[in-house]
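Number of protein chains: 2
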Amino acid sequence: MKDFLQEWASVLSEIEQILEQVLPSADTYPQVLHKAMRYSTLGGGKRLRALLVMGACAAVGGDVRQTAGLAAAVEMIHAYSLIHDDLPCMDDDDFRRGKPSNHIVYGEAIAVLAGDALLTEAFAELARLPEKYGVSPEVTVRVVGELASGAGSRGMVGGQAVDILSADGAPDEETLRYIHSHKTGSLFRAALRGGALLGGANQEELEMITRYAEYFGLAFQITDDILDEVGDAEQLGKPTRSDQRSGKQTYPRLYGLEQSRQMAEECVEHCLGALERFSERARLLRELAVFVLQRSH
Amino acid sequence: MKDFLQEWASVLSEIEQILEQVLPSADTYPQVLHKAMRYSTLGGGKRLRALLVMGACAAVGGDVRQTAGLAAAVEMIHAYSLIHDDLPCMDDDDFRRGKPSNHIVYGEAIAVLAGDALLTEAFAELARLPEKYGVSPEVTVRVVGELASGAGSRGMVGGQAVDILSADGAPDEETLRYIHSHKTGSLFRAALRGGALLGGANQEELEMITRYAEYFGLAFQITDDILDEVGDAEQLGKPTRSDQRSGKQTYPRLYGLEQSRQMAEECVEHCLGALERFSERARLLRELAVFVLQRSH
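Chains as they are written, first to last, in the numbering used here: chain A, 3 to 299; chain S, 3 to 299.
Printed below as a string of structure tokens:
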């Protein structure tokens, strides 16, 4: 795993710089709001979603420099979702990525607003794709659509809603699949498809990238469950309220640890299979798929 | 005032129908989330923002049928802001437009998510402007930018943050002006400019509409303050926590009731002045400005 992070260290540092520039500075009025937005977006996280944007663009032969705005936008949306997820009325988590949660530092009201603002500013950044990165308006509109659908009520927010609604009972397997595929999978999918669109993907390439997205999301979720089960809390962060409920279904509980690992490996094989027709330019996507798997070891 | 609402009743009923269609149906999974989104968006409100979109488009000679998506989007963003404003950690209001607040009916977690989803789906709807209404991708991207900036951390959310941060003290006049112009003014401005862009406004027309927006926002705020002062609670809804604090500055307290009324009238004159070069097509915008003033009588 270190290999991956070391190899892509310069890209990761570039993503930090992009976010640093896209987010309003900490002395922009109202300062507290902008500090809160920056607190939860900068200096943490594996930047998987930004890497997926870049990887998909590169895979289809696009100019990765055009992805900076979308890479920032997906990370801002991810950051907003974590701020809102951690609120007392949601998962009620006091810590995130080893630091106090946003609402612990800034209070609940500012945490709600910082999340709202990150979501909104993500779309403001997308509206700047033509002027800042020379993306065509046609592609920009499609990317806005991908991100809004992926993050919306039939995507990420839908998954979070079902997770919250299921927190007191024991959801069936179908419900859990919905939660997994929507709460995290939908934003992965939007990042990948958005990146592919920026790279000028044709319909067939877009379908391959979408196929990769489905298996990537599943591999991510299974390894997440395995990490939960083997208690690798350091890697994963604190488990959420829903993880902590006694009756929770996980892949290891349903299929056992070994079979779960095997399932995750099969997902990664499918990811690699979806990239078969792509050349060496799909290297980042290939390595990301393997990286997700290695998280469980 | 009845005259205005009666005269434009068919347009108002059209706006309801548009929202009804744009919002995911109540039986779309997850149903509770979609019911919560619909609860706070449909069947209430004066639809000022949607009317401003339509009025600006008409004023510059555009095809008002192209505004349906943006009209829905601004009303969805307004509805999301009200849901989040009413949360216990924000203004803590149990009632809104004479009904229990969203979080009273659906709980805080779903209320947060319903707001998040309304904001996100507003941008999803904008991404459909080209296919649904034949809007060019160029104009669509500009409209996305207007709405995201108006609703973002240097717009509506910024105003709400400063309002919350000032709630325990006695903010100075400058701070109050910031709150007013951002918490409500920024979305009016985005609605108007977005509508004008959809109508094909040239730079000069856009400047006139922007000038109208500034005075419209100010007139709205002064009459809001007057309504507060004379206790016309039926029209205005329950005052917010910040309204209730003892040291609150309002236009009537700063300038007296009569002078405030005069100031509001002057704002409306400026609104009408900004529309001088427009023909009869600016009728809706002219009547909206007068309508805002009449609210105080």
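Even glycine gets a Cβ: it sits at the ideal position worked out from N, Cα and C.
(1) Assuming contact is defined by CB atoms lying nearer than 8 Å, are A/I211 and A/A81 in contact in what I supplied?
(2) Give the C-beta separation of S/C59 and S/G201 to the nearest angstrom, bearing in mind that I take them to be a contact with Cβ-Cβ under 8 Å.
(3) For A/R144, name the three-state secondary structure that DSSP assigns.
(4) Could you give the first and the last residue of the continuous alpha helix (DSSP H) run that contains A/G197?
(5) So that I know if they touch, is there some Cβ in chain A lying closer than 8 Å to that of S/T69?
(6) When the distance is taken between beta carbons, is S/L128 closer than 8 Å to S/G71?
(7) For S/P102, list the residues DSSP reports as bridge partners.
(8) So, does the CB of A/H182 fall closer than 8 Å to a CB anywhere in chain S?
(9) For A/D88, which of helix, strand or coil comes out of DSSP?
(10) Should S/N104 be labelled buried (16 or more other beta-carbon atoms within 10 Å of its own) or exposed?
(11) Relative to the alpha-carbon of A/S188, which residue among A/V164, A/Y257, A/G154 and A/T177 has its alpha-carbon at the smallest distance?
(12) Are the C-beta of A/A60 and some C-beta of chain S separated by less than 8 Å?
(13) To the nearest angstrom, how far is it from the Cα of S/S83 to the Cα of A/K48?
(14) Residues in the same chain with beta-carbon distance under 6 Å from A/I224, minus the five sequence neighbours each way, listed in chain order, please.
(15) Do the stretch 192 to 208 of chain S and the stretch 136 to 152 of chain S make contact, defined as three or more Cβ pairs closer than 8 Å?
(16) Closest to A/H86 by C-alpha separation, out of S/V114, S/P102, S/I106 and S/G157, would be which residue?
(17) For A/R288, which residues in the same chain have their Cβ closer than 7 Å to its Cβ, ignoring the five residues on either side in sequence?
(18) Listed in chain order, which residues of the stretch 269 to 281 of chain A have Cβ atoms closer than 8 Å to some Cβ of chain S?
(19) So with CB distances below 7 Å, who are the chain A contacts of S/Q2?
(20) Excluding the five sequence neighbours on either side, which residues of its own chain have a C-beta within less than 6 Å of the C-beta of A/Q68, listed in chain order?
(21) Decide if S/Q296 is buried, meaning its Cβ has at least 16 other Cβ atoms within 10 Å, or exposed.
(22) Does DSSP put S/T252 in a helix, a strand or coil?
(23) For A/D95, count the other beta carbons within 10 Å of its own beta carbon; 16 or more makes it buried, fewer makes it exposed. Which is it?
(24) Return yes when at least one heavy atom of the ligand SAH lies under 7 Å from the C-beta of A/R195, else no.
(25) Using a Cβ-Cβ cut-off of 8 Å, state whether S/I166 counts as contacting chain A.
(26) Who are the neighbours of S/A111 on chain A, taking C-beta pairs under 7 Å?
(27) Taking Cβ to Cβ, would you say A/G160 is nearer than 8 Å to S/L35?
(28) Are any of the Cβ atoms in chain A nearer than 8 Å to that of S/E18?
(29) Using only the alpha-carbon positions, how far apart do A/L208 and A/G64 sit?
(30) Alpha carbon to alpha carbon, what distance is there between S/R285 and S/I228?
(31) Are there 16 or more other CB atoms within 10 angstroms of the CB of S/E77, so buried, or fewer, so exposed?
(32) Buried or exposed for A/S281, going by 16 or more other Cβ atoms inside 10 Å?
(33) Output the distance between the C-alpha atoms of A/L259 and A/D230, rounded to the nearest integer angstrom.
(34) Looking only at its chain, what residues have a beta carbon closer than 7 Å to the beta carbon of A/V55, apart from the 5 residues adjacent to it on each side?
(35) Measuring straight from C-alpha to C-alpha, what distance separates S/R179 and A/L290?
(36) Tell me whether S/R279 is buried or exposed, calling it buried when 16 or more other Cβ atoms sit within 10 Å of its Cβ.
Let's see:
(1) No. Outside cutoff.
(2) The Cβ separation is near 4 Å, so the contact holds.
(3) A/R144: helix per DSSP, three-state reduction.
(4) Run containing A/G197: G187 to L200, per the alpha helix (DSSP H) assignment.
(5) Closer than 8 Å to the CB of S/T69 there is not a single CB belonging to chain A.
(6) Their beta carbons are under 8 Å apart, which means S/G71 touches S/L128 by this criterion.
(7) Paired residues: S/F97.
(8) No, A/H182 lies away from the interface with chain S (no Cβ there is under 8 Å from its Cβ).
(9) The answer is helix: DSSP assigns A/D88 an H, G or I state.
(10) The residue is buried, with at least 16 neighbouring Cβ atoms inside 10 Å.
(11) The shortest Cα separation from A/S188 among A/V164, A/Y257, A/G154 and A/T177 belongs to A/G154.
(12) No, A/A60 does not count as interfacial toward chain S.
(13) Computed Cα separation, rounded: 31 Å.
(14) By the criterion of a C-beta distance shorter than 6 Å, A/I224 is surrounded in its chain by Y253, S262, M265 and A266, once the five residues flanking it on both sides are discounted.
(15) Contact check between the stretch 192 to 208 of chain S and the stretch 136 to 152 of chain S: three or more CB pairs, one atom from each, fall below 8 Å, which counts as touching.
(16) The shortest C-alpha separation from A/H86 is found at S/V114.
(17) Beyond the five residues adjoining it in sequence on each side, A/R288 comes within less than 7 Å, by CB distance, of L274 and L277 in the same chain, given in chain order.
(18) Among the residues of the stretch 269 to 281 of chain A, none has a Cβ less than 8 Å away from any Cβ of chain S.
(19) Shown here, chain S extends from 3 to 299; a query on residue 2 of chain S therefore has no answer.
(20) The answer, listed in chain order, is Y135, V137 and L200.
(21) Residue environment analysis places S/Q296 among the exposed positions, since fewer than 16 neighbouring C-beta atoms fall within 10 angstroms of its C-beta.
(22) Here S/T252 sits in coil by DSSP.
(23) Per the 10 Å Cβ criterion, buried.
(24) The ligand SAH is absent from the structure shown, which contains no ligand whatsoever.
(25) Closer than 8 Å: yes.
(26) Result: C91, M92 and I166.
(27) Contact: yes.
(28) With its beta carbon at least 8 Å from every one in chain A, S/E18 lies outside the interface.
(29) Going by the C-alpha atoms only, they are around 13 Å apart.
(30) Roughly 26 Å between the two C-alpha positions.
(31) S/E77 should be labelled buried.
(32) A/S281 is exposed by the Cβ-count criterion.
(33) Cα to Cα, A/L259 sits roughly 11 Å from A/D230.
(34) Hits under 7 Å: T69, L72, A73, V76, A193, G196 and G197.
(35) Going from the Cα of S/R179 to the Cα of A/L290 covers about 49 Å.
(36) With fewer than 16 Cβ atoms within 10 Å of its Cβ, S/R279 is classed as exposed.
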